[in-house]
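Beneath this line is the structure, given in structure tokens, with notes to follow.
Residue numbers (our numbering): 1 to 61.
Here it is in structure tokens:
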């Protein structure tokens, strides 16, 4: 089997319109940006939770 990105880059049929390919690229870019935003939010929440836990430990001492 060939990698999926090679199958994706090669148009399977000649009736694929450029508008459809533009829509596919826009949706893929949107999904990539959405995943980046989700990862950033998760990292910020983990950092805040770790800082909150260390602050509570300091208060207990």
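Idealized CB from N, CA, C, for every residue including glycine.
- By how many angstroms is the C-alpha of residue 39 removed from the C-alpha of residue 49? On the chain shown, position 49 is the one that residue 49 refers to. On the chain shown, position 39 is the one that residue 39 refers to. Between residue 49 and residue 39, the C-alpha separation is close to 15 Å.
- Message: Taking the straight line between their C-alpha atoms, what separation do you get for residue 45 and residue 56?
- Response: Here the question's residue 45 lines up with position 45 in the chain shown. Here the question's residue 56 lines up with position 56 in the chain shown. Roughly 16 Å separates the two Cα atoms.
- Message: Whole angstroms are fine: how far does the CA of residue 47 sit from the CA of residue 25?
- Response: On the chain shown, position 25 is the one that residue 25 refers to. On the chain shown, position 47 is the one that residue 47 refers to. Going from the Cα of residue 25 to the Cα of residue 47 covers about 33 Å.
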